[in-house]
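A.B. asks: Can you keep this structure in mind? I'll have questions shortly.
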Amino acid sequence: MSQARRRRVLAIIATDATFERVPHRGAEVWMGKCLHCNAHLAVGLDGEPISRATIEHIVPRTAGGTDALENLGLACARCNQGKGSRHDAHFHRDARVRELVDRLLQKRRDRWRDPGDPDSE
1 MSQARRRRVL
11 AIIATDATFE
21 RVPHRGAEVW
31 MGKCLHCNAH
41 LAVGLDGEPI
51 SRATIEHIVP
61 RTAGGTDALE
71 NLGLACARCN
81 QGKGSRHDAH
91 FHRDARVREL
101 VDRLLQKRRD
111 RWRDPGDPDS
121 E
């Protein structure tokens, strides 16, 4: 994983209240939850995923979604790939897909943590 991607993962973690530093297999890691299914995700302190954490564009880039932190979350690879292959291509045509995206955006807002929050470290 590139350095830029690891920095982006760490920026997402800094704004996601489900992530906290915990001991894991003899090292400290960031442990949080998948934006979709709430499965545990482990990420090294350097931003390298230990579990299959992936960057999720909530509003897909193909539908005008951006790389703004409010539109990014961490998801397990299974959920992220499932959303991409089943839903992203149908965003403009399917109200259920837009409803899913709205739910994910709300979940991201509910989990939002100010990156300057002392509890984020």
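Sequential numbering of the sequence shown, starting at 1, is according to UniProt numbering.
Don't be surprised by glycine CBs; every beta carbon is placed ideally from N, CA and C.
Could you tell me whether the Cβ atoms of L104 and H87 are closer together than 8 Å?
C.D. replies: For L104 and H87, no; Cβs fall outside 8 Å.
A.B. asks: Which two residues bound the contiguous beta strand (DSSP E) that contains E99?
C.D. replies: First-last for E99: 95 to 111, but that is the alpha helix (DSSP H), not the beta strand (DSSP E).
A.B. asks: Is it true that the region 62 to 71 meets the region 33 to 42, where meeting means three or more beta-carbon pairs spaced less than 8 Å apart?
C.D. replies: Because the criterion of three Cβ pairs below 8 Å is not met, the region 62 to 71 and the region 33 to 42 do not touch.
A.B. asks: Could you check what DSSP says for I55 in three-state terms: helix, strand or coil?
C.D. replies: Three-state result, I55: strand.
A.B. asks: Taking the DSSP output, what are the residues bridged to M31?
C.D. replies: Looking at the DSSP assignment, M31 forms a beta bridge with E20, A42.
A.B. asks: Any idea if H92 is buried or exposed, counting beta-carbon neighbours within 10 angstroms, 16 or more meaning buried?
C.D. replies: Exposed, by the Cβ-count rule.
A.B. asks: For G73, name the three-state secondary structure that DSSP assigns.
C.D. replies: G73 falls in the strand class under three-state DSSP.
A.B. asks: For the alpha helix (DSSP H) that A4 lies in, which residues bound it at each end?
C.D. replies: 3 to 14 is the span of the alpha helix (DSSP H), which, as asked, contains A4.
A.B. asks: Quick one: what's got a C-beta closer than 8 Å to I58's C-beta in the same chain, skipping five residues either side?
C.D. replies: These residues qualify, in order along the chain: L35, G65, N71, L72, G73, V101, L104, L105, R108.
A.B. asks: If you draw a straight line from the C-alpha of R7 to the C-alpha of G47, how long is it?
C.D. replies: Each residue's Cα considered, the two are about 6 Å apart.
A.B. asks: Roughly how many whole angstroms lie between the Cα atoms of M31 and E20?
C.D. replies: Cα to Cα, M31 sits roughly 6 Å from E20.
A.B. asks: Just the C-alpha distance for G84 and R5, rounded to the nearest angstrom, thanks.
C.D. replies: In a straight line, the C-alpha of G84 is about 19 Å away from that of R5.
A.B. asks: Does the distance from the C-beta atom of V29 to that of L45 stay below 8 Å?
C.D. replies: Yes, they are a contact pair.
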